[in-house]
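Presented below is the structure to which this report refers.
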Amino acid sequence: MAATPIAVITGASSGIGAATARQLAAAGYRVVLTARRKDRIETLAAELTEAGHQAAAYALDVTDRAAVDEFATAFRSLAVLVNNAGGALGADPVATGDPADWRQMYETNVIGTLNVTQALLPALTASGDGTIVVLSSTAGLSTYEGGGGYVAAKHGEHVLAETLRLEIVGTPVRVIEVAPGMVKTEEFATTRFRGDTEKAAKVYAGVDAPLSADDVADTITWAVTRPSHVNIDLLVVRPRAQASNSKVHRTL
Ligand code: 8X3
Numbered sequence: 005m006a007a008t009p010i011a012v013i014t015g016a017s018s019g020i021g022a023a024t025a026r027q028l029a030a031a032g033y034r035v036v037l038t039a040r041r042k043d044r045i046e047t048l049a050a051e052l053t054e055a056g057h058q059a060a061a062y063a064l065d066v067t068d069r070a071a072v073d074e075f076a077t078a079f080r081s082l083a084v085l086v087n088n089a090g091g092a093l094g095a096d097p098v099a100t101g102d103p104a105d106w107r108q109m110y111e112t113n114v115i116g117t118l119n120v121t122q123a124l125l126p127a128l129t130a131s132g133d134g135t136i137v138v139l140s141s142t143a144g145l146s147t148y149e150g151g152g153g154y155v156a157a158k159h160g161e162h163v164l165a166e167t168l169r170l171e172i173v174g175t176p177v178r179v180i181e182v183a184p185g186m187v188k189t190e191e192f193a194t195t196r197f198r199g200d201t202e203k204a205a206k207v208y209a210g211v212d213a214p215l216s217a218d219d220v221a222d223t224i225t226w227a228v229t230r231p232s233h234v235n236i237d238l239l240v241v242r243p244r245a246q247a248s249n250s251k252v253h254r255t256l
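Count along the sequence shown starting at 1, add 4, and that's the number in this note's numbering.
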């Protein structure tokens, strides 16, 4: 009997990461959930196991290279890596943005993705049929006022995916980039505005149906489950009410 293919998901403690873990588990993968918050991923892994799926949790900070390398020693062969960990901090103009925020966003979104991808690439290649997903953002494809360090970091992550795809062509590993627009999750905007729930609510105010974490997880799962020779290079997904990063229809 063939072994169950394994999918590693970073940032699996909430939002798109948790939804992706659920959907990949339902699609038949043994999911390995990683995030800094151990309690959350353990609860989700237990819930998935209870539901008859195969799931495990591993506390991991993707910016800690030594920890990432240690984690990677557990895998000789890996089918799927979903680089989802990341996020935004602040929405200040370039003129006044905090360099510490910019640095932190570069660390989590770009270096975090680099760390985990580098560490697991040998196992993905050894599987003979590996898939790397990079969760970038529409903020990685064009800018918007106040996008600041997040836009810069997501452009970096987008370029990482594009460059890696060029460099590993001919190996049995695909690089899929999923770039969501406005997604309403429990934490993204609240984290960006450092707990200011009023400011966070304004992001989605009057928008008829922003995307949900499940909508994005659905596109990730679809892309990952295409036949091996099909590489979805870049999948841009926005809610119908959003035509561009700054053109959003609101009924206020
Ligand atoms: C999230 C999209 O518009 O908040 O990645 O930058 S946006």
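A virtual CB, placed ideally from N, CA and C, is assigned to each residue, including glycine.
Item: Would you kindly report the start and end of the unbroken beta strand (DSSP E) that includes E181?; Value: V177 to P184
Item: Under three-state DSSP, which class holds V163?; Value: helix
Item: Quick check on DSSP: helix, strand or coil for I172?; Value: helix
Item: Relative to the ligand 8X3, is the shortest distance from any of its heavy atoms to the C-beta of S141 smaller than 6 Å?; Value: yes
Item: Does the stretch 99 to 107 come within contact of the stretch 46 to 54, defined as at least 3 CB pairs closer than 8 Å?; Value: no
Item: Exposed or buried, what is V234 when buried is set at 16 or more other beta-carbons lying within 10 Å of its beta-carbon?; Value: exposed
Item: What did DSSP end up calling G152 once you bin it into helix, strand or coil?; Value: helix
Item: Please determine if the stretch 209 to 217 and the stretch 179 to 188 are in contact, where contact requires at least 3 C-beta pairs separated by less than 8 Å.; Value: yes
Item: Less than 7 Å separating the beta-carbons of N113 and R69?; Value: no
Item: Evaluate T201 with the Cβ neighbour count: other Cβ atoms within 10 Å of its Cβ, from every protein chain shown; 16 or more gives buried, anything less gives exposed.; Value: exposed
Item: Tell me which same chain residues have a C-beta within less than 6 Å of the C-beta of A76, skipping the five on either side of it?; Value: A123 and L124
Item: Looking at L239: is its Cβ nearer than 7 Å to the Cβ of V177?; Value: no
Item: Could you tell me which residues DSSP pairs with I13 in its beta bridges?; Value: L37 and V86
Item: Start and end of the beta strand (DSSP E) containing L139?; Value: G134 to L139
Item: Give me, in chain order, the residues of the same chain whose beta-carbon lies closer than 6 Å to that of F25; leave out the 5 immediate sequence neighbours on both sides.; Value: First, the amino acid is wrong: residue 25 is Ala here, not Phe. So the qualifying residues of the chain are I13, A16, V35 and L37.
Item: Measure the Cβ-Cβ separation of D258 and R40 and say whether it is below 7 Å.; Value: The question about residue 258 has no answer here: the residues shown for the chain are numbered 5 through 256.
Item: If you follow the beta strand (DSSP E) that A63 is part of, which residue opens it and which one closes it?; Value: A59 to A63
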